[in-house]
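Numbering-wise (this note's numbering), the sequence shown opens with residue 76 and increments by one.
One structure below.
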Amino acid sequence: MKTRTNFLKLSLCIIVVAVLFFSFMFTMILINEKNRIFTELAIAYGSLYLTAVIALCITCCLFKIVSLIEKENAFSYASLHQVQIIFCLTVLEFFILLGLLPLAYYVAIYDEAPGFIFIIAGICLIPFILATFIAVIEKLLENAIKLQSENKLTI
76 MKTRTNFLKL SLCIIVVAVL FFSFMFTMIL INEKNRIFTE LAIAYGSLYL TAVIALCITC
136 CLFKIVSLIE KENAFSYASL HQVQIIFCLT VLEFFILLGL LPLAYYVAIY DEAPGFIFII
196 AGICLIPFIL ATFIAVIEKL LENAIKLQSE NKLTI
């Protein structure tokens, strides 16, 4: 079990490094940009930074869940609480990513690329789909905790 959780922890560290790398590169692009920043672009840039912060918070919660799995305490109210936090953060990330839609509209109008709106809308829907999956996992975890507590009472 220790090697599996170590692999999960390593995967989470790689995700954190990737998020920090892309945030740093995005910052360098913004610093070197000589064009003036429009309001639509400022909203999009802010939404991307907030999304990066939320992604780091989600990986922190996932790290706590992996630590609970390592302690063989996966089906507990502590892990359920972490899953609920992840659900709320994912829904928040969906609403923040909607801030990219003005950027998509700006690009579609001025660069004559109307398909770009659909691509950004698809990217914005990814956290919503993940939130639905996390809600299902949350209900399954609640049922597993109830069954575990019932089994403790019968034995």
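Cβ coordinates follow ideal geometry from the N, Cα and C atoms, glycine included.
On a predicted model such as this, the values are computed, not experimentally measured, just so you know.
Host alpha helix (DSSP H) of residue i (start-end)
{"i": "residue 214", "result": "190–229"}
{"i": "residue 231", "result": "Not covered by the structure: residue 231. The range shown for the chain is 76 to 230."}
{"i": "residue 176", "result": "176–185"}
Contact check, residue i vs residue j, beta carbons under 9 Å
{"i": "residue 118", "j": "residue 178", "result": "yes"}
{"i": "residue 101", "j": "residue 131", "result": "no"}
{"i": "residue 87", "j": "residue 158", "result": "no"}
{"i": "residue 194", "j": "residue 165", "result": "no"}
{"i": "residue 133", "j": "residue 80", "result": "no"}
Straight-line gap, residue i to residue j (C-alpha atoms, nearest Å)
{"i": "residue 226", "j": "residue 155", "result": "18 Å"}
{"i": "residue 104", "j": "residue 201", "result": "25 Å"}
{"i": "residue 84", "j": "residue 175", "result": "31 Å"}
{"i": "residue 196", "j": "residue 207", "result": "17 Å"}
{"i": "residue 219", "j": "residue 151", "result": "9 Å"}
{"i": "residue 147", "j": "residue 211", "result": "22 Å"}
{"i": "residue 203", "j": "residue 223", "result": "30 Å"}
Status (buried if at least 16 other CB within 10 Å, exposed otherwise) for residue i
{"i": "residue 96", "result": "exposed"}
{"i": "residue 161", "result": "buried"}
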